[in-house]
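Enquirer:
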């Protein structure tokens, strides 16, 4: 690639990054603006203030925001862990074993994934109220599993299929039980796949709004996206935009941190050298 | 170390197709057995049934006197080298080799000692801390072998272990495997489709075709006394030439002149009409270069040479010939089965490298008729096979092996 070509790629890349990051920059800027400056149309906050952050973390909105943050973390982590574990076994079976109904399971998983959330939320609301799951953590974890499991099964079975069969057979010949072969050979090799899947699953759960707003009513289980919708200004004439922006920035942070932490793990290519290239 | 006995082994897949069909084979303790055949002949399936990665539909698999049909691979205590090596990419070379020992919960000091011992044998010492991804093909191959020899397995199984290496390395590893097997004196089953490997490595070679054993014998016996058309065509490179022949008393009329058969052969083929004569390329010679004393033992004929190939140490000439349609289709089918696409009926003859026979001209050839074989064109059976002479060759090979193993192991002890 010539220098000129490289320069063009660089320029194009920067342009795309700017375009993609602009809304985030706008949110960050909003979160530092005073309520009176919200509508002044300036990109940069003239006099940056921590007012919005203190409002949601220690001030009037903290009753709403902090429990929601705790709920979101707890519910999403549990849902991710369960769905990864289940998906790992399911995907292994789908990738490795020959059993009747394999296609059916994959098909059903896909069907569940494309089923619109909004259409089942009303019956679910009634059902949950009757059996006492309404406004509880399990009441959100279960529907979140229905969102995260299909995609987890699909991504992980793709990863498992990439791992050469011989690896496992070699382990078995070397004296491993099926379980040992799975744990000592397949799982370490599938680790990048598991991490990728976990992150995707976490994001899906973290970003959910419809279940969050419909199946909760108090701070017992309400997650952040739902809580954001319930923010109100200091008076009914005041917009809560600043507080919402600050909360949005705060909930974006874990996502960014997660990706940075596992960036190297996500990059696959661990199977290099397993077999002759 | 153990013997392996197979009794009427059958492997049928879901669609009822028998990939391995009624195979009975005894492999002695310490013997190097080769399973060879064209692709799809069931050789790999058979190997995988020995190791337990493939279920056995019917028959008995007996290893070291115990029936193992229903045992899991890990209970059979065999070690295997896979075609693509199947190294564990997340473990270092040391841990790769130590893997079977770790599973067996061998204590750390013993693991160290045994892995180092294996690394000594395979010259892997400077690579022990590296990951398989950073090794060359030959080194990976050695790591796979290290993993196989590190524990005291009952037998080694190789599944085309050299097919992923380039030609030069393949030659080196071949002698390496042969030396290792002799030194350890361990029962070995080796699957290959490569003739050179089959001929050079094996004490005995088992030729398979469509899941059925054709012949089990020493390489020499296979070459000199093949049991049928298939084995004759499969063993040897360039392959044996098959010429159509009409029987007339004790005389065979072929496109390359008449061949006089000796009494034994004449009796064996008597009463038939159309036959196939199998002649190895090296039974031919440029007639002008044949020793006067040898000349009367064969016949001389004239033919037009199509192409010659001079290779320095040897020379090949291609001579096209006419064959009846039924023979032609028969030969075409055979060559297809042998993974070769022979388009024309032509004989490949080996002539002296100094011969000045030229392409496109008529030339005089001499044919050594003492060693020709005569086949039944419909069944493919070798009518002139001398079973006794063949068995003698295999017996000699077995004696050689015992002697070799004893001297190797004697050396090993004195070196230690």
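Residue numbers (the numbering used here), protein chains in the order written: chain E, 243 to 519; chain S, 39 to 454. Glycine residues also receive a C-beta, built at the ideal position from the N, C-alpha and C atoms.
1. Between which two residues does the beta strand (DSSP E) containing residue 81 (chain S) stretch?
2. Which bits of chain E does residue 218 (chain S) rub up against, with CB to CB less than 8 Å?
3. Quick one: which residues of the region 407-419 of chain E get their C-beta closer than 8 Å to a C-beta of chain S? List them in chain order.
4. Tell me, please, whether the CB atom of residue 504 (chain E) is closer than 8 Å to any CB atom in chain S?
5. From residue 42 (chain S) to residue 170 (chain S), what does the alpha carbon distance come to, in whole angstroms?
6. To the nearest angstrom, how far is the alpha carbon of residue 144 (chain S) from that of residue 155 (chain S)?
7. Which value, in whole angstroms, describes the spacing of the CA atoms of residue 62 (chain S) and residue 121 (chain S)?
8. Please report the distance separating the alpha-carbon of residue 376 (chain S) from that of residue 268 (chain S).
9. Count the other CB atoms, across all protein chains shown, that sit within 10 Å of the CB of residue 286 (chain S); report buried if there are 16 or more and exposed otherwise.
10. Taking C-beta pairs closer than 9 Å, name the residues in chain E that residue 118 (chain S) reaches, listed in chain order.
11. Tell me whether residue 457 (chain E) sits in a helix, a strand or coil according to DSSP, three-state version.
12. Threshold first: 4 residues or longer. Then list the alpha helix (DSSP H) segments lying entirely within the region 394-424 of chain E, N to C.
13. Any contact between the region 318-326 of chain E and the region 374-392 of chain E? By contact I mean 3 or more CB pairs, one from each, below 8 Å.
14. Please return the same chain residues whose Cβ sits closer than 7 Å to the Cβ of residue 366 (chain S), not counting the five positions on each side in sequence.
15. Buried or exposed: which applies to residue 428 (chain S), given that a residue is buried once 16 or more other Cβ atoms fall within 10 Å of its Cβ?
16. Counting C-beta neighbours from all protein chains within 10 Å, is the total for residue 503 (chain E) 16 or more, i.e. buried, or is it exposed?
17. Just reading off the beta strand (DSSP E) that residue 478 (chain S) is part of, what are its end residues?
18. Just mark residue 190 (chain S) as buried or exposed, buried being the case when its beta carbon has 16 or more other beta carbons within 10 Å.
19. So residue 213 (chain S) is in the alpha helix (DSSP H); what residue range does that whole segment cover?
20. How many whole angstroms separate the CB atoms of residue 227 (chain S) and residue 193 (chain S), which I take to be in contact at a CB cut-off of 8 Å?
21. So what's residue 128 (chain S) in DSSP terms, helix, strand or just coil?
22. State buried or exposed for residue 434 (chain S), treating a residue as buried only when at least 16 other CB atoms are found within 10 Å of its CB.
23. When you compare the CB positions of residue 200 (chain S) and residue 118 (chain S), do they come within less than 8 Å of one another, or not?
24. Give me the subset of the region 129-144 of chain S whose CB atoms are less than 8 Å from a CB atom of chain E, sorted by chain position.
25. My assumption, with CB atoms under 8 Å, is that residue 281 (chain S) sits in contact with residue 356 (chain S). Please give the rounded CB distance.
26. Taking just the CA atoms, how far does residue 113 (chain S) sit from residue 67 (chain S)?
27. Where do the ends of the alpha helix (DSSP H) carrying residue 372 (chain E) lie?
28. Show which residues of chain E have a CB atom less than 8 Å away from the CB atom of residue 111 (chain S).
29. Are the C-beta atoms of residue 518 (chain E) and some chain S residue less than 8 Å apart?
Expert: According to the structure data:
1. Per DSSP, residue 81 (chain S) belongs to no beta strand (DSSP E); it is in the alpha helix (DSSP H), 81-89.
2. The premise fails here: residue 218 (chain S) is roughly 18 Å from chain E at the closest Cβ pair, so nothing lies under 8 Å.
3. 408, 409, 411, 412, 413, 414, 415, 416, 417, 418 and 419
4. no
5. 32 Å
6. 15 Å
7. 25 Å
8. 8 Å
9. exposed
10. 411, 412, 415 and 416
11. coil
12. 407-415 and 420-423
13. yes
14. 383
15. buried
16. exposed
17. Residue 478 (chain S) is absent from the model: chain S starts at 39 and stops at 454.
18. exposed
19. 205-222
20. 7 Å
21. coil
22. exposed
23. no
24. 137, 138, 141 and 142
25. Not quite, the Cβ-Cβ distance comes to about 14 Å (not below 8 Å), so this is no contact.
26. 19 Å
27. 359-373
28. 411, 414 and 415
29. Residue placement at residue 518 (chain E) is poorly supported in this model, since its pLDDT is 42, which falls under 50; the coordinates still yield a value, given next. So, interface residue.
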